[in-house]
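Colleague: Position 98 of the sequence shown, counting from 1, maps to 98 under UniProt numbering, and the rest follow consecutively.
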Amino acid sequence: MDMDMDNLDSKRKAPRRKGDDRVILHFDLDCFYAQCIENANPHLKSVPLGIKQKSILATCNYVARKHGVKKLMGIQEAKRLCPDLVLADGEDLSPFRDVSKQIYSLLKSYSWNGRVERLGLDEAFLDVTDVVAYNLGLVNHHCLEESWFCLSREDPERGFAFDARQVKGCVWPPDFVSDRENEGTDSLRLRLLFGSHLAFYLRQQIEDLGYTSACGISTNKLLAKLAGDRNKPRNQTTLLSSHSPVPFLDPLPLRKIPGIGSKTITAMKSLLKTDDDGDLTVHNARTNPAVSPFALERLLAGSGGGGEKGIGQKVWLLLHGIDGSEVKPARDVPRQIGIEDTYRGLTQLSQVRAGLVQITTSLLRRMHVDLLDGFDAVTPPISPVPTSVGKGRWLAQPKTLRLTTRPYHPPSEWDKFEYNHGRVSKSAVLPRFVFDLNIEPESIAERLVEGTLMPLFHSLNPDKSKLCIGLLNVCVTNMDRAKESSRGGDIMAAFQRQREVEEIRGVAFADEPPDGEEKAEDTSDDTEVEWVEEEDEQDGVRCRLCGCVIPVFAVEAHGRWHELDEGWVEPQGG
Ligand code: DCP
Ligand code: MG
Ligand code: MG
């Protein structure tokens, strides 16, 4: 025990900052779903607008926010606060995904190192260290006000003029005074200043597509994301705390820190001996002698904690604004694409069939957006507007189709059953006709449901007298990436050959157990996952409310989280 205390004390030292050599931008679109709907219906821009999903608002525009309406508020409450609130349906996520992809493609086209990482549908990190370093090398320190920002190493004329004496947009701390006399030519301030001008330029490019955004500019992902939150909407903030980010972080509620989830908060409350997380700020946690990397590790990674080794140190670093995580390189195709819907008990096979056709049609549309070439531009500057969705080359073709079902559990049974109780999956080879771009998605969906999904459904739910379905999820996975053919690339033929070989070898279920049957694990939640890349979960399901891909084991916690926030989320369908 004494040793523990020694350890605890010796490790409480403020960690040394490292990794200040990067420039990271974090973009977050303003009231994203609302902007998508407004752009399709411009007359809605000036009225308070809420985007409805079941009985809650997924988001609302800033006109509505002026009336006190908030994201994830119940419809009734929102209507009470703002009787003129116009409601638009946000159940179909496809239009939001399309816009998301368009904006992501735009940002990607300006990256030199390919480090552009999506977070959810409306956020992206860019590591622009290289672009900034290149431009710092070109700058004329005697004529900063007439600087030129090069966007291309090959074409010096591609870029924009800017005033390198001033940071663009807001800065933190607001009263920051630079010691320009003493700063070197490659100072942190100057690098962030360059980053701020690039951020502003990129925000303007996004605005040319019709979307306003907020941006944070800093030296790591954690700080860039938090900085961007400072001034919203349609603004940007550069974190110029050259000495320490601690004063910036200290007043923030612990919950606001990405990477600090409910388990860490619970651990923190037990260390701080408080029940109230209202006043649990970064400052409280950081300065309390009971909190140390060691104490956190013991609670979070020890028996019962379940967290990965080193989590205590990681949280300790986050409390000091240190986050060494890299901006992940952009991926052109997701690992899997899944769509699901929840129902209040489907009892008839005809209802199941109809539900599956609807989900599968959306899934096919999504596959066109995400897996067909022609949507992504290659060389900047680009026209990121998609040319013709549904036409093009497949960048990758999934090999496996998976159906997941779960029975309906009414709220009265929640104490008896886990949220995921009875969740089962089964997979099959995805038939080739799915990739035929001459057939309408609706027809493909009908055929897929009849020929593949209904048989999977019957084998998952053999007892029809007890049919009461609460969830259907259809997912394509096991991506087969197109290889550039040495003979000039007949990609379809290459796919066909590869598939034939695999079918002969009988390895169609390469990443699935032979009968594909799996039972959901329950246990922990995923709130500790620091940066959940949208498509990155090999075995996740997409939450239909927030669009995030949730690992199967975390679905229960995630579902309850939505329910706790907003009361019972009324399922559509049955
Ligand atoms: N979203 C959702 N359910 C959640 C969280 C988000 O459906 N629990 C959707 C609706 C949002 C979009 O994701 O429009 C992006 O989420 P943000 O948290 O970035 O919220 P907004 O972009 O709407 O607003 P803000 O201007 O605050 O960023
Ligand atoms: Mg947003
Ligand atoms: Mg967001």
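Ideal placement from N, C-alpha and C gives every residue a C-beta, glycine not left out.
If you follow the alpha helix (DSSP H) that D130 is in, where does it begin and where does it stop?
Modeller: T129 to L138
Colleague: Residues around ligand 3, please: the condition is that the C-beta lies closer than 5 Å to some non-hydrogen atom of it.
Modeller: D28, D122 and E123
Colleague: What did DSSP end up calling S241 once you bin it into helix, strand or coil?
Modeller: coil
Colleague: Count the other CB atoms, across all protein chains shown, that sit within 10 Å of the CB of residue 619; report buried if there are 16 or more and exposed otherwise.
Modeller: Since the first and last residues shown for the chain are 1 and 574, residue 619 lies out of range.
Colleague: What residue range does the beta strand (DSSP E) around W148 cover?
Modeller: Taken as a continuous stretch (DSSP letters only), the beta strand (DSSP E) holding W148 covers S147 to C150.
Colleague: For L29, which residues of its own chain have a beta-carbon under 6 Å away from its beta-carbon, when the five flanking residues on both sides are left out?
Modeller: D122, Y211 and S213
Colleague: Taking 8 Å as the cut-off, decide whether the C-beta atoms of W172 and F125 are in contact.
Modeller: No, Cβ-Cβ distance for W172 and F125 is not below 8 Å.
Colleague: Can you grab the Cα-Cα spacing for the pair E157 / S111, in whole Å?
Modeller: 17 Å
Colleague: Quick check on the DSSP output: the alpha helix (DSSP H) that includes C36 runs from which residue to which?
Modeller: F32 to A40
Colleague: Which residue from K464, Q53, G114 and S262 puts its Cα closest to that of D332?
Modeller: Among K464, Q53, G114 and S262, the Cα nearest to that of D332 is on G114.
Colleague: Within 10 angstroms of the Cβ of D370, are there 16 or more other Cβ atoms? Answer buried if so, exposed if not.
Modeller: Its Cβ being crowded by 16 or more others within 10 Å, D370 is buried.
Colleague: Along the chain, where does the alpha helix (DSSP H) containing Q358 start, and where does it finish?
Modeller: Per DSSP, the unbroken alpha helix (DSSP H) holding Q358 starts and ends at L349 to L371.
Colleague: Which residue wins for smallest C-alpha separation from D127, given the options V167, G50 and A330?
Modeller: Of V167, G50 and A330, the residue nearest in Cα terms is A330.
Colleague: Beta-carbon within less than 8 Å of G516's beta-carbon, same chain only, minus the 5 sequence neighbours each way: which residues are those?
Modeller: Its pLDDT being 31, under 50, G516 is placed unreliably in this model, and the value from its coordinates should be taken loosely. Once the five neighbours on either side are set aside, the close Cβ partners of G516 are R402, S425, K426, S427, A428 and F509.
Colleague: Buried or exposed for G195, going by 16 or more other Cβ atoms inside 10 Å?
Modeller: buried
Colleague: Taking only three categories from DSSP, how would you classify R191?
Modeller: helix
Colleague: With a Cβ-Cβ cutoff of 8 Å, do V23 and R191 count as a contact?
Modeller: yes
Colleague: Given a threshold of 16 other Cβ atoms within 10 Å of its Cβ, counted over all protein chains shown, does R165 qualify as buried or as exposed?
Modeller: exposed
Colleague: Got a sec: is the Cβ-Cβ distance from L395 to anything in chain D below 8 Å?
Modeller: The chain labelled as chain D is not found in the depicted structure, where only one protein chain is given.
Colleague: Name the residue from N235, P95, A161 and T347 whose alpha carbon lies nearest to the alpha carbon of residue 582.
Modeller: Any question about residue 582 goes unanswered here, given that the chain covers just 1 to 574.
Colleague: Whole angstroms is fine: what's the gap from T347's alpha carbon to H197's?
Modeller: 58 Å
Colleague: Residues in its own chain within less than 6 Å of Y33 by CB, not counting five upstream and five downstream?
Modeller: I51, A58, T59, G90 and F96
Colleague: How big is the Cα-Cα spacing for L202 and D98?
Modeller: Straight-line measurement puts the Cα of D98 at about 19 Å from the Cα of L202.
Colleague: Report the partner residues of T212 according to the DSSP bridge assignment.
Modeller: DSSP, once it has assigned bridges, lists no residue as partnering T212.
Colleague: Heavy atom of ligand 2 less than 7 Å from the Cβ of F32, yes or no?
Modeller: yes
Colleague: Starting from L271 and walking both ways along the alpha helix (DSSP H), at which residues does that stretch end?
Modeller: From DSSP, the alpha helix (DSSP H) with L271 extends over S262 to L272.
Colleague: Taking Cβ positions, are D31 and P258 nearer each other than 8 Å?
Modeller: Going by the sequence as given, residue 31 is Cys instead of Asp. Against a cut-off of 8 Å, the Cβ pair of P258 and C31 comes out as no contact.
Colleague: Starting from G259, follow its DSSP beta bridges and name the residues at the other end.
Modeller: According to DSSP, which records beta bridges pairwise, G259 is partnered with nothing at all.
Colleague: Any idea which residues DSSP pairs C60 with across the strands?
Modeller: In DSSP, C60 forms a bridge with G50.
Colleague: Can you look up E537 in the DSSP assignment and give me helix, strand or coil?
Modeller: Low confidence applies to E537: its pLDDT is 33, below 50, so where it sits in the model is not reliable, and the reading given next is rough at best. E537 falls in the coil class under three-state DSSP.
Colleague: Could you spell out where the beta strand (DSSP E) holding V171 opens and where it closes?
Modeller: C170 to W172
Colleague: Would you kindly check if the distance between the Cβ of V474 and the Cβ of T287 is under 8 Å?
Modeller: no
Colleague: Per DSSP, which residues does E340 bridge with? Please list them.
Modeller: N473
Colleague: Could you check the C-alpha separation between I260 and H26 for me, to the nearest Å?
Modeller: Straight-line measurement puts the Cα of H26 at about 18 Å from the Cα of I260.
Colleague: Whole-angstrom Cβ separation of L81 and V63, contact assumed at under 8 Å?
Modeller: That pair is no contact at about 13 Å.
Colleague: So is residue 656 buried or exposed if we call it buried at 16+ other beta carbons inside 10 Å?
Modeller: Because the chain is modelled from 1 through 574, residue 656 falls outside the range shown and cannot be assessed.
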